[in-house]
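Numbering (this note's numbering), first residue to last: 4 to 263.
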């Protein structure tokens, strides 16, 4: 790579290496999903490759978009029509590269969604919740035990939305303190049972399902549902900042709000 130049294929290789994407089995392809112009000077990052994000990138004359949620998910209709057709048409028409990294951006120990959230709320000594080297959920501990209300306030401050707190039937609530915390951003609510099995005090994710409430109640574990989008802003933002710190490109993060 020349000093003041970065190509789309070079950027893909850099991201693949940094995120160790080849080692991770995923629900969608990670890397360059839609090929655009060769030279990369300006990148727009965001959570999801929605049409508003693409339109913003066009307005900013971006050469590439980097997201957590891209396209071509397993079991989806492969036809490029309707909403997906409009999105891809705009990318191709404007020669904008689309890079997407899903699970690699969730689990990266430094830049990942889980690690970023843990850092913001003070959860340290991070370990794999699953008994395998590339665990999706993680867990760690707080320096000092805190109440469920205090943890909810920390989450609200960093994510800019009030979490749903499941705590009914927890013995000694609200006095029971929280020391150990599990985290799986996005749609990771089903890992609550594993968190309870491991004896954690609390588990944090983005989404909540009907059965999640019963798991929290009956197993005596605090559960915080903080929003899929809200819990997955910071990974791609951190990745973009890392790129701009190390390579000759400008990067900006654009948050297309999503209440889910």
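C-beta atoms are modelled at their ideal positions from N, C-alpha and C, and glycine is treated no differently. Note that this is a predicted model, so its numbers are computed, not measured.
With DSSP run on the structure shown, which of helix, strand or coil describes residue 208?
-> If DSSP states are grouped into helix, strand and coil, residue 208 belongs with the strands.
For the candidate residues 241, 190, 223, 245, whose alpha-carbon lies nearest to that of residue 263?
-> Looking only at 241, 190, 223, 245, the smallest Cα-Cα distance to residue 263 is reached by 190.
Should the region 222-229 be called in touch with the region 201-214, which here means at least 3 C-beta pairs below 8 Å?
-> The answer is yes - the region 201-214 touches the region 222-229, with three or more Cβ pairs under 8 Å.
Where the alpha helix (DSSP H) through residue 144 begins and ends = Premise fails: residue 144 lies in the beta strand (DSSP E), 141-149, not in any alpha helix (DSSP H).
Count the other C-beta atoms from every protein chain shown that fall within 10 angstroms of the C-beta of residue 135, then say buried if there are 16 or more, exposed otherwise.
-> It is exposed - the Cβ of residue 135 has fewer than 16 other Cβ atoms within 10 Å.
Looking only at DSSP bridge pairs, what is residue 255 linked to?
-> In the DSSP assignment, the residues bridged to residue 255 are 47.
Which partner residues of residue 42 appear in the DSSP bridge assignment?
-> In the DSSP secondary-structure assignment, residue 42 is bridged to 10.
If I'm right that residue 60 touches residue 99 with Cβ under 8 Å, what's the distance once you round it to whole angstroms?
-> Sure, about 6 Å apart at Cβ, within 8 Å.
Closest by CA to residue 161, which one among 133, 121, 184, 147?
-> When 133, 121, 184, 147 are compared, the shortest CA-CA separation from residue 161 is found for 121.
Is the region 133-151 touching the region 64-77 in the sense that three or more CB pairs, one from each, lie closer than 8 Å?
-> Contact between the region 64-77 and the region 133-151 is not established, with fewer than three Cβ pairs separated by less than 8 Å.
Can you tell me which of 195, 12, 133, 127 puts its alpha carbon nearest to the alpha carbon of residue 169?
-> Residue 169 has its Cα closest to that of 195, out of 195, 12, 133, 127.
Which residues mark the beginning and the end of the alpha helix (DSSP H) in which residue 56 is found?
-> First-last of the alpha helix (DSSP H) with residue 56: 54-62.
Quick one: using the 10 Å Cβ neighbour count with 16 as the cut-off for buried, is residue 84 buried or exposed?
-> When all chains shown are included, residue 84 counts as exposed.
Determine, using beta carbons only, whether residue 52 comes closer than 7 Å to chain B.
-> The structure shown contains no chain B, having only a single protein chain.
Give the DSSP bridge partners of residue 102, in chain order.
-> DSSP lists 35, 69 as partners of residue 102.
From this set, 165, 62, 193, which residue's C-alpha is nearest residue 133's C-alpha?
-> When 165, 62, 193 are compared, the shortest CA-CA separation from residue 133 is found for 193.
Can you give me the Cβ contacts of residue 77 inside the same chain, cut-off strictly under 8 Å, excluding the 5 residues immediately before and after it?
-> Within the same chain, Cβ atoms closer than 8 Å to the Cβ of residue 77 are found at 30, 31, the five residues on either side in sequence being excluded.
DSSP three-state assignment for residue 179, whether helix, strand or coil | Residue 179: coil per DSSP, three-state reduction.
Please list, in chain order, all residues of the same chain as residue 35 whose beta carbon is under 7 Å from its beta carbon, the five residues on each side excluded.
-> The beta carbon of residue 35 sits closer than 7 Å to the beta carbons of 11, 15, 100, 102 from its chain, once the five residues preceding and following it are set aside; these are given in chain order.
Kindly indicate the opening and closing residues of the alpha helix (DSSP H) around residue 94.
-> For residue 94, the enclosing alpha helix (DSSP H) has its first and last residue at 85-96.
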